[in-house]
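Report on the following structure.
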Amino acid sequence: MKSIAMPLISLQLGRRHVLLAAAGLALTSGPAAAEIGVDEATKFIDAITKQLMETVNGPAEAAAKSQKLEAIIEAHVDIEAVARFCLGRFWRGATPQQQKSYLDLFHRVLVNNITGRVGEYQGVTIVTNRAAARESDVAVTTTVTRPNNAPNRVDWLVSAESGKPKVIDVIAEGTSLRLTQRNDYLSYLSHNNNDLQALIDALRQQAGK
Amino acid sequence: MPDSSSSRVSRNWFCAVSLAALASLAACATPPAANDQEAVAEFRETNDPLEPTNRTFYAINNGLDVVILRPLATAYRAALPQPVRNSVHNVLNNFGNPVTLFNDMFEAKPRRAGDTLMRLLVNTTVGVGGIFDVATDWGWPAHDNDAGMTMALWGLPDGPYLFLPVLGPSSPREATGFGVDYALNPTTWIGRGPTVNALGYAKTGLGALDARSAVLDDLDKVTSQALDPYATIRSLYRQHRQSQIDDARADNRATVPAWFPATGTPSKPGAAVK
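Chains as they are written, first to last, in our numbering: chain U, 456 to 664; chain F, 10 to 283.
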């Protein structure tokens with residue numbers, strides 16, 4: 456909960472404060488391996504959201520749109536990092552074979568869930584607003600407006616841990632997708648004797664749908 | 010007589026449901042073994058000691074939703090065009106403004122209270138009884154507020170998760186807030202009699218339809234995509250509440266006029282200084 460609260464509070468601060476804070480962070484933490492600037496992250500999200508809008512609002516058939524959307528996700532989302540986050544403490548306890556099946560299935564379910572909704576986003580506009588450093592990552596705030604819907608605030612969490620900027624979370628109106636997913640998985644596991652194989656089987660069923 | 014038999018059936022059904030609920034009332038979630046520290050931390054973070062009871066009420070609410078609320082909300086969305094539904098939403102929101110205003114004041118948020126007061130005045134008059142949301146275009150946007158948020162800003166902790174019959178996701182603080190808001194609402198206290206009562210029921214019913222129809226697709230997605238919809242809704246509810254509370258806490262727009270020499274107080278970005 457606190458991890459969600461922090462960026463939302465810091466987002467309310469002015470841009471200047473954020474830059475100062477980011478500068479301070481850079482000074483104190485020294486040459487961190489994976490760090491990303493606020494401006495770089497903003498440009499990155501601006502470019503992705505433009506691609507998303509072009510794809511979703513373009514004239515192509517639904518299947519072609521899904522394919523393009525999948526390519527965007529593959530290129531710009533650190534799916535493995537998200538998958539690891541969602542499994543929490545169970546990731547370390549998993550066998551290499553379990554880790555591999557889980558990653559594959561997580562990947563497929565995530566892509567299916569997003570591309571399956573491509574039609575609903577027809578006519579969407581996304582405006583990039585401002586960004587704020589959050590530990591070694593950056594949260595970029597956008598306003599997403601769908602026809603006949605009130606504008607939604609969507610924050611994109613960008614990390615450079617993998618070497619280049621990648622999206623590691625999407626926070627819609629204060630609700631984090633990866634945290635929600637993690638709570639879903641952990642609850643499922645706790646009701647299935649903490650047996651990772653049960654989760655993998657359930658995901659396999661979801662991916663097959 | 011068909012009446013008595015059907016009422017007996019429904020009474021039996023009701024008894025069965027209440028018995029199930031009562032039986033599970035005694036049930037508490039089993040904490041993990043104390044030596045598994047990560048599991049214990051997770052159990053504390055989940056903060057749902059009444060989980061078995063909550064799940065029972067979740068199942069009952071879900072059943073009611075499937076047979077009553079969801080079909081009605083679907084019909085409501087299909088029967089009325091978007092502009093009409095928007096107007097209903099606006100009127101209901103306008104009825105909620107007095108409660109929002111009280112809470113803005115209790116939280117000592119003068120700019121928020123000003124927004125709400127202007128919304129109430131402008132939308133009730135220029136907006137024809139709240140049908141049109143003129144105030145948003147004129148620079149007084151809507152925000153969420155209720156007594157649960159007020160108590161949160163006063164420092165009261167949320168407490169364990171509760172899933173209440175009919176009302177849904179809640180907590181001791183939020184449930185108290187619900188009661189406080191009911192008492193704060195002027196419409197609770199105006200007049201008595203069949204007409205006022207009927208209008209009150211109509212408002213409650215429309216409120217349920219308005220709220221449910223707004224989340225038809227999203228809730229369907231949660232129930233179809235989540236492995237444990239109960240846990241997913243618990244997570245979504247808590248994150249959403251936290252974000253509403255954080256927004257209120259962070260809204261410290263200055264109340265000094267624009268010509269006054271600037272102080273160090275950061276004003277909320279995007280807000281017009283009047």
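We put the CB at the ideal spot given by N, CA and C, even for glycine. Treat the numbers as computed from the prediction; the structure is a model and nothing was measured.
Measure the CB-CB distance between residue i and residue j and report whether it falls below 8 Å.
| i | j | result |
| --- | --- | --- |
| Ile491 (chain U) | Val609 (chain U) | no |
| Thr241 (chain F) | Thr630 (chain U) | no |
| Tyr557 (chain U) | Ile655 (chain U) | yes |
| Pro58 (chain F) | Ala42 (chain F) | no |
| Arg128 (chain F) | Asp260 (chain F) | no |
| Met160 (chain F) | Thr185 (chain F) | yes |
| Pro606 (chain U) | Gly578 (chain U) | no |
| Leu228 (chain F) | Asn63 (chain F) | no |
| Asn658 (chain U) | Leu560 (chain U) | Note that residue 658 (chain U) is Leu in the sequence shown, not Asn. Yes, these two residues count as a Cβ contact at 8 Å. |
| Ala586 (chain U) | Ala496 (chain U) | yes |
| Glu621 (chain U) | Asp533 (chain U) | The residue you asked about is not Glu; residue 621 (chain U) is Lys in the sequence shown. Closer than 8 Å, so yes. |
| Arg86 (chain F) | Leu225 (chain F) | yes |
| Leu193 (chain F) | Ala156 (chain F) | yes |
| Thr264 (chain F) | Pro119 (chain F) | yes |
| Gly148 (chain F) | Asp142 (chain F) | no |
| Ile500 (chain U) | Ile528 (chain U) | no |
| Val100 (chain F) | Gly138 (chain F) | yes |
| Ala517 (chain U) | Gly574 (chain U) | yes |
Run through DSSP, which three-state label would residue i get?
| i | result |
| --- | --- |
| Pro178 (chain F) | strand |
| Ala267 (chain F) | coil |
| Ile491 (chain U) | coil |
| Lys555 (chain U) | helix |
| Arg601 (chain U) | coil |
| Trp611 (chain U) | strand |
| Leu634 (chain U) | helix |
| Leu173 (chain F) | strand |
| Gln661 (chain U) | helix |
| Thr596 (chain U) | strand |
| Ala586 (chain U) | strand |
| Val137 (chain F) | coil |
| Thr580 (chain U) | strand |
| Val224 (chain F) | coil |
| Ala627 (chain U) | strand |
| Lys498 (chain U) | helix |
| Lys284 (chain F) | Beyond the ends of chain F as shown, which are 10 and 283, falls residue 284 (chain F); an answer cannot be given. |
Starting from the Cα of residue i, find the closest Cα among the options and give me that residue.
| i | options | result |
| --- | --- | --- |
| Asp167 (chain F) | F:Ser180, F:Trp198, F:Glu47 | F:Ser180 |
| Ala88 (chain F) | F:Asp219, F:Asn106, F:Leu126 | F:Asp219 |
| Asp113 (chain F) | F:Leu126, F:Asn102, F:Ser233 | F:Leu126 |
| Asn154 (chain F) | F:Gly72, F:Gly139, F:Gln251, F:Val224 | F:Gln251 |
| Ser195 (chain F) | F:Ala223, F:Ala263, F:Val108 | Strictly speaking, residue 195 (chain F) in this sequence is Pro, with Ser absent from that position. Nearest C-alpha to Pro195 (chain F): F:Val108. |
| Val75 (chain F) | F:Ala211, F:Val175, F:Arg262 | F:Val175 |
| Trp611 (chain U) | U:Lys498, U:Met508, U:Gly513, U:Thr597 | U:Thr597 |
| Lys555 (chain U) | U:Ala538, U:Gly574, U:Asp650, U:Arg544 | U:Ala538 |
| Ala615 (chain U) | U:Ile527, U:Gln506, U:Glu525, U:Ala536 | U:Ala536 |
| Leu215 (chain F) | F:Thr55, F:Ala68, F:Ala117, F:Ala82 | F:Ala82 |
| Gln7 (chain F) | F:Ala267, F:Ser222, F:Arg247 | Chain F is shown from 10 up to 283; residue 7 (chain F) falls before or after that span and cannot be answered. |
Using a beta-carbon distance below 8 Å, is residue i in contact with chain A?
| i | result |
| --- | --- |
| Thr635 (chain U) | In the displayed structure, chain A is absent; the protein chains listed are U and F. |
In or out: residue i buried (at least 16 other Cβ within 10 Å) or exposed?
| i | result |
| --- | --- |
| Pro40 (chain F) | exposed |
| Leu542 (chain U) | buried |
| Val582 (chain U) | exposed |
| Lys619 (chain U) | exposed |
| Ile254 (chain F) | buried |
| Asp650 (chain U) | exposed |
| Pro309 (chain F) | Because chain F in this structure spans residues 10 to 283, residue 309 (chain F) falls outside the shown range and cannot be described. |
**Request:** For the stretch 611-631 of chain U, enumerate the residues whose C-beta is nearer than 7 Å to any C-beta of chain F, in chain order.
**Result:** Glu628, Gly629, Thr630, Ser631
**Item:** Where the stretch 227-242 of chain F meets chain U: residues whose CB sits under 7 Å from a CB there
**Value:** Gln234, Ala235, Leu236, Asp237, Ala240, Thr241
**Item:** Interface positions of the stretch 521-555 of chain U facing chain F (Cβ-Cβ less than 7 Å), listed along the chain
**Value:** Arg544
**Message:** Closer than 9 Å between beta carbons: that is the criterion. Which residues of the stretch 645-658 of chain U meet it against chain F?
**Reply:** Ser645, His646, Asn649, Leu654, Ala657, Leu658
**Asked** When you check each C-beta in the stretch 552-584 of chain U against every C-beta of chain F, which residues fall closer than 7 Å?
**Response** Asn568
**Residues of the stretch 594-609 of chain U with Cβ closer than 7 Å to any Cβ of chain F, in chain order** = Asn603
**Prompt:** According to a CB-to-CB cut-off of less than 7 Å, which residues of the stretch 37-61 of chain F neighbour chain U?
**Reply:** Glu47, Glu51
**Item:** Under 8 Å (Cβ pairs) to chain U, residues found in the stretch 243-254 of chain F
**Value:** Arg243, Ser244, Leu245, Arg247, Gln248, His249, Gln251, Ser252, Gln253
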